[in-house]
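Data first, discussion second: the structure below is written as structure tokens.
In the numbering used here, the protein residues as written are 1 to 262.
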């Protein structure tokens, strides 16, 4: 009888350990963000696996502007790790067109192009954290380890500019896990994903200008968070046309403070 009781208790403990390990594995499962474009100009809805970000201060579209007949606003964001001449060109256009954007940057850009980063802030753009060295945040084993990576970026920016970096974050390559989202939220970050993007990151395989503009105009939607890479020669070429066309369609360009406002 005692043997049967022992076996029963052992079995229960094994099940508990298995369930806990399964939950732990699920929390740290690496997930890649994506949004399916649509030509109906409707806001994309993230599938159940991706929508977990909303629980932890994650944003990819402005739900306050879900009404297609309401005020039309979009959010222009850039992921920037280095300068190749195109970031400056894009900053020039943004200034001429009086458009504010958000730049998620790496420490390399600050170290090698400090004046450019200072200009971003002085021109009124949001400058935010993309990690110091483009590391996969799902690989960090603790909140403290992730915090050190983010603080390294903050420290480099603070030392170079005398400013504090905005508490917005975009994970490299859009890769995250439930656990990393929990950590980011606990550290006070708002994580900004996107609802419209296209393949513009490969400098050796740039999309044609007309094709890039068509993808944007065909898939634009109210409350859109647009992701672009400012090192793209195509983006530098089309930026003015994109901004002016979207303005002519009745859109204005909002800020991340507005996007994440409760």
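No residue lacks a Cβ here, since even glycine has one placed at the ideal position from N, Cα and C.
Host alpha helix (DSSP H) of residue i (start-end)
i	result
residue 146	143-161
residue 186	178-186
residue 259	256-259
Residue i to residue j span [Cα, whole Å]
i	j	result
residue 246	residue 236	16 Å
residue 93	residue 110	21 Å
residue 211	residue 126	28 Å
residue 70	residue 43	13 Å
residue 87	residue 241	16 Å
residue 158	residue 118	10 Å
residue 79	residue 170	8 Å
residue 228	residue 75	11 Å
residue 226	residue 192	10 Å
residue 167	residue 232	26 Å
residue 21	residue 188	Annotation note: pLDDT 37 at residue 21 (below 50); position unreliable, coordinate value reported separately. One C-alpha to the other measures close to 27 Å.
residue 54	residue 202	30 Å
residue 108	residue 146	18 Å
residue 45	residue 96	34 Å
residue 33	residue 52	11 Å
residue 148	residue 98	35 Å
residue 182	residue 199	29 Å
residue 139	residue 31	12 Å
residue 261	residue 190	11 Å
residue 132	residue 259	24 Å
Close Cβ partners of residue i (< 7 Å) along its chain, the five nearest in sequence each way excluded
i	result
residue 3	For residue 3, the predicted structure reports a pLDDT of 46, less than 50, and the residue's modelled location is therefore unreliable. A value from the coordinates is still provided. Contacts found: none.
residue 239	90 and 93
residue 218	39
Contacts around residue i, its chain only, beta-carbon distance under 8 Å, and the 5 residues preceding and following it disregarded
i	result
residue 67	222
residue 121	127, 161 and 163
residue 248	none
First and last residue of the uninterrupted beta strand (DSSP E) at residue i
i	result
residue 168	166-169
Sequence-distant residues of the same chain with beta carbon closer than 6 Å to residue i, five excluded per side
i	result
residue 154	165
residue 207	234
residue 224	74, 195 and 196
residue 150	129
residue 65	73, 222 and 223
residue 215	198
Interface flag, residue i vs chain D, CB-CB below 8 Å
i	result
residue 48	Here there is only one protein chain, and chain D is not present.
**OP:** Could you tell me whether the segment 103-113 touches the segment 241-255, where touching means 3 or more Cβ pairs closer than 8 Å?
**Re:** no
Subject >> Cβ pair count under 8 Å reaching 3, the segment 55-65 against the segment 83-91 >> reply: no
Subject >> Every unbroken alpha helix (DSSP H) inside the segment 59-133 [4 residues or more] >> reply: 86-96, 107-112 and 114-122
Subject >> Contiguous alpha helix (DSSP H) assignments of at least 4 residues, all confined to the segment 206-244 >> reply: Under the rule that a run must span 4 or more residues, the alpha helix (DSSP H) segments found entirely inside the segment 206-244 read 209-219.
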